[in-house]
Amino acid sequence: MSTKTLDEHIAEQLAHSQRSGELQSAESWGKPLDFGDGYAQTPEELRMGFKILKDAGVVPHEVEMFKQIAALKATLQHTTDEAEATALRRRIAELQQAVALRLEKLATSRRL
1203 MSTKTLDEHI AEQLAHSQRS GELQSAESWG KPLDFGDGYA QTPEELRMGF
1253 KILKDAGVVP HEVEMFKQIA ALKATLQHTT DEAEATALRR RIAELQQAVA
1303 LRLEKLATSR RL
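Heads up, the final residue of the sequence shown is numbered 1314 in our numbering, and it's a clean run with no missing numbers.
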């Protein structure tokens, strides 16, 4: 009695689905897969670099800036001190402007 590997089992099921026409009737048949990770939207010349960073667990600086903005907004919601709230709003605005400028530069020049 031979035991099939997981890959062999998957291949067998895919072959069966293809023979039965199940795959071809799927709405996404023949279309590129969208994994929701932004790969298709990333300019081709930046994909490899971003993939290397992602695989290494490093996120682009803009992502870190978005995280900082979210944390500052959460702090702002809970502060009762008006001076602190003003300082938080100013820092949020500065970070939002910095992100916007970096993203605009990236969109126009394809580099940061």
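Heads up, the beta-carbon is just placed ideally off N, CA and C, and yes, glycines get one too.
Element boundaries [alpha helix (DSSP H), containing residue i]
i	result
residue 1288	1284-1311
residue 1217	1208-1222
residue 1265	1263-1280
residue 1246	1246-1257
Same chain, Cβ closer than 8 angstroms to residue i, five either side skipped, listed in chain order
i	result
residue 1220	1226
residue 1237	none
residue 1305	1264
Closest residue to residue i among the options (Cα-Cα distance)
i	options	result
residue 1294	1306, 1305, 1273, 1280	1273
residue 1291	1230, 1270, 1209	1270
Contact set for residue i: own chain, Cβ-Cβ below 7 angstroms, skip 5 residues either direction
i	result
residue 1297	1267, 1270, 1271
Exercise for the section: Say whether the stretch 1298-1308 touches the stretch 1257-1268, bearing in mind that this needs 3 or more beta-carbon pairs closer than 8 angstroms, one atom from each stretch. Expected result: With three or more CB-CB distances shorter than 8 angstroms, the stretch 1298-1308 counts as touching the stretch 1257-1268.
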